[in-house]
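**Q** Residue numbers (numbering that gives the first Met the number 0), protein chains in the order written: chain A, 0 to 133; chain B, 0 to 174.
Each residue gets a CB set at the ideal place from its N, CA and C atoms; glycine is no exception.
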Amino acid sequence: MRALFALLAIMIAMPVAAQQSVPPAPYAYRQLDDPVQEAEAQELMETLRCLKCQSQSIADSDAPMAGDMRHQVRIRIASGDSPEQVRGWLVERYGDYVSYEPVLSARTWPLFAVPAILVLVAGLLFWRRFRRRA
Amino acid sequence: MSWRLWVPLLLFSGFLGLAGYQLTQPKDDVVESRMVGRELPYFTLPPASLDRPGVDSRDFYDGRPKLLNIWASWCLPCIAEAPQLEALKEQGVEIVGVAIRDEPVDVMRFLTQHGNPYTRIGRDDLSEVQLGIGSSGVPETFVIDGKGVIRYQHIGDIREEHVPVLLEELRKAES
Chain A
0 MRALFALLAI
10 MIAMPVAAQQ
20 SVPPAPYAYR
30 QLDDPVQEAE
40 AQELMETLRC
50 LKCQSQSIAD
60 SDAPMAGDMR
70 HQVRIRIASG
80 DSPEQVRGWL
90 VERYGDYVSY
100 EPVLSARTWP
110 LFAVPAILVL
120 VAGLLFWRRF
130 RRRA
Chain B
0 MSWRLWVPLL
10 LFSGFLGLAG
20 YQLTQPKDDV
30 VESRMVGREL
40 PYFTLPPASL
50 DRPGVDSRDF
60 YDGRPKLLNI
70 WASWCLPCIA
80 EAPQLEALKE
90 QGVEIVGVAI
100 RDEPVDVMRF
110 LTQHGNPYTR
120 IGRDDLSEVQ
130 LGIGSSGVPE
140 TFVIDGKGVI
150 RYQHIGDIRE
160 EHVPVLLEEL
170 RKAES
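Written out as structure tokens, the structure reads:
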């Protein structure tokens, strides 16, 4: 019985192995020749979200789609685009979700405001405490 | 002892509870394209199969709305939606396919097994078209009007109940 299950498991696993027949995009794993551009691309890739993964950047992910996104980032940087232009190109298509570097907007302002308010409130509390003691 | 002493603890346990609850929730990974309502980017894809031509963005400017189906032979939900694509084709809908990271051999095998509803199939080994139109997975289906403008995005496999929705969106795209 166990051998039968093992056999079944092997048969089920085979099509999964067959998925990766197409080689990854040229610049998915290959660095740009210009070290300055490669550094720019790398820094940008660490702040772009892999759309198919659980909270990983495209620099961190081995998902084929993340590879294709790295390829796009590298060829766009190599062709002279600035990192922010490339980020803009992706945000234009996927919204802020694709970027790990939130921009200040009507939807994201609480992200920036809430910590500032909390720090202010905490400061105020401390101040009142210490004043009372003194 | 003042009741106020308990407020920070209550706030903190409330926060813990919320964080704990969110951890148990599955990630909502439907990423909608921001390209709906905008024109297709320019692209040219070579054929992905032996019996259908490749895809060019200029194919979408002939005045007739079409479906642009992003799929792959290695994608299991694509098998599930094959009968629905066939049903749409029966209704006279023109379906253009874009095969993601796919070898012609595998494409041909898939089409022999599950039917070929496509008039054209482009080969997108670098996900260029997929990224260009803001699609984040396979399968996804876009309604493109006769002027190359993306009018509607369907995320995930097309089930029976989605067929009338897509037909309605195609009808709307005619105006």
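I'd like the ranges of any alpha helix (DSSP H) spanning at least 4 consecutive residues and lying wholly in the stretch 3 to 87 of chain B.
**A** 6 to 23
**Q** Is the beta carbon of residue 62 of chain B closer than 8 Å to that of residue 85 of chain B?
**A** The residue you call residue 85 of chain B lines up with position 86 of the second sequence. The residue you call residue 62 of chain B lines up with position 63 of the second sequence. In this structure, residue 62 of chain B does not lie closer than 8 Å to residue 85 of chain B by Cβ.
**Q** With 16 as the cutoff for other CB atoms within 10 Å, does residue 71 of chain A come out buried or exposed?
**A** Looking up residue 71 of chain A in the first sequence gives position 72. Residue burial is scored here from C-beta neighbours: residue 71 of chain A has at least 16 other C-beta atoms within 10 angstroms and is therefore classed as buried.
**Q** Who are the Cβ neighbours of residue 88 of chain A in its own chain at under 6 Å, not counting the five residues just before and after it?
**A** Working through the first sequence from its first residue, we reach residue 88 of chain A at position 89. Closer than 6 Å at Cβ, skipping near neighbours: no residue.
**Q** With a threshold of 8 Å between beta carbons, is residue 68 of chain A in contact with chain B?
**A** Taking the first residue of the first sequence as 1, we reach residue 68 of chain A at position 69. Closer than 8 Å: yes.
**Q** For residue 65 of chain B, I'd like the list of residues in its chain whose CB is within less than 6 Å of its CB, leaving aside the five on either flank, ordered along the chain.
**A** By 1-based counting over the second sequence, the position of residue 65 of chain B is 66. Around residue 65 of chain B: 93, 95, 143.
**Q** So, with DSSP's three-state summary, where would you put residue 67 of chain A?
**A** Taking the first residue of the first sequence as 1, we reach residue 67 of chain A at position 68. Helix, per DSSP.
**Q** In angstroms, rounded to a whole number, what distance separates the CA positions of residue 109 of chain A and residue 58 of chain B?
**A** As a working mapping, residue 109 of chain A is identified with position 110 in the first sequence. As a working mapping, residue 58 of chain B is identified with position 59 in the second sequence. Within the model, the alpha-carbon separation for residue 109 of chain A versus residue 58 of chain B is close to 45 Å.
**Q** Run down chain A in chain order and give the residues with a C-beta less than 8 Å from the C-beta of residue 32 of chain B.
**A** One-based indexing of the second sequence puts residue 32 of chain B at position 33. By Cβ distance, chain A contributes 92, 93.
**Q** Tell me, please, whether the stretch 2 to 11 of chain B touches the stretch 102 to 116 of chain B by the rule of three or more beta-carbon pairs shorter than 8 Å.
**A** no
**Q** Where do the N-terminal and C-terminal ends of the alpha helix (DSSP H) with residue 152 of chain B fall, by residue?
**A** On the second sequence, residue 152 of chain B is found 153 positions in, with the first residue counted as 1. Element bounds for residue 152 of chain B: not the alpha helix (DSSP H) but the beta strand (DSSP E), 149 to 154.
**Q** Distance, Cα to Cα, residue 41 of chain A vs residue 57 of chain A?
**A** Here residue 41 of chain A corresponds to residue number 42 of the first sequence, with the count starting at 1. Here residue 57 of chain A corresponds to residue number 58 of the first sequence, with the count starting at 1. Whole-angstrom Cα-Cα distance: 10 Å.
**Q** Which bits of chain B does residue 20 of chain A rub up against, with CB to CB less than 9 Å?
**A** Translated into the one-based positions of the first sequence, residue 20 of chain A becomes position 21. Within chain B, the residues near residue 20 of chain A are 73, 100, 101, 102, 104, 105.
**Q** How would you label residue 127 of chain B, buried or exposed, when you count the other beta carbons within 10 angstroms and need 16 or more for buried?
**A** For this step, residue 127 of chain B is matched to residue 128 along the second sequence. Burial call: buried.
**Q** Check the Cβ of residue 44 of chain A against every Cβ in chain B and list those closer than 7 Å, keeping chain order.
**A** As a working mapping, residue 44 of chain A is identified with position 45 in the first sequence. Correct list: empty, because the minimum Cβ distance to chain B is about 14 Å.
**Q** State the DSSP-derived secondary structure class of residue 114 of chain A, mapped to helix, strand or coil.
**A** For the purposes of this step, residue 114 of chain A is taken as the residue at position 115 of the first sequence. Here residue 114 of chain A sits in helix by DSSP.
**Q** Using the three-state DSSP reduction, which class does residue 94 of chain A fall into: helix, strand or coil?
**A** Stepping through the first sequence from its first residue, residue 94 of chain A is reached at position 95. Correct three-state label for residue 94 of chain A: coil.
**Q** Taking residue 124 of chain B as the reference, which of A:82, A:68, A:131 has the closest Cα?
**A** For the purposes of this step, residue 124 of chain B is taken as the residue at position 125 of the second sequence. It is A:68.
**Q** So which residues of chain A does residue 126 of chain B contact, with C-beta pairs closer than 7 Å?
**A** Counting from 1 along the second sequence, the entry for residue 126 of chain B is found at position 127. The answer, in chain order, is 64, 67.
**Q** So with Cβ pairs under 8 Å, would you call residue 175 of chain B a contact of chain A?
**A** Since the first and last residues shown for chain B are 0 and 174, residue 175 of chain B lies out of range.
**Q** Sort B:119, B:161, B:78, B:139 by Cα distance to residue 49 of chain B and report the nearest one.
**A** Here residue 49 of chain B refers to the residue found at position 50 when the second sequence is read from its first residue. Residue 49 of chain B has its Cα closest to that of B:119, out of B:119, B:161, B:78, B:139.
**Q** Suppose the cutoff is 7 Å on Cβ atoms and the five residues either side in sequence are ignored; what does the same chain contact list for residue 90 of chain A look like?
**A** In the first sequence, residue 90 of chain A corresponds to position 91, counting from 1. Within the same chain, residue 90 of chain A has close Cβ partners 97, 98.
**Q** If we count the other Cβ atoms within 10 Å of its Cβ and call it buried at 16 or more, is residue 23 of chain B buried or exposed?
**A** As a first step, residue 23 of chain B must be located in the second sequence, where it is residue number 24. So residue 23 of chain B counts as exposed.
**Q** Please list the segments of the alpha helix (DSSP H) lying wholly inside the stretch 83 to 128 of chain B, counting only runs of 4 or more residues, in order along the chain.
**A** 103 to 113
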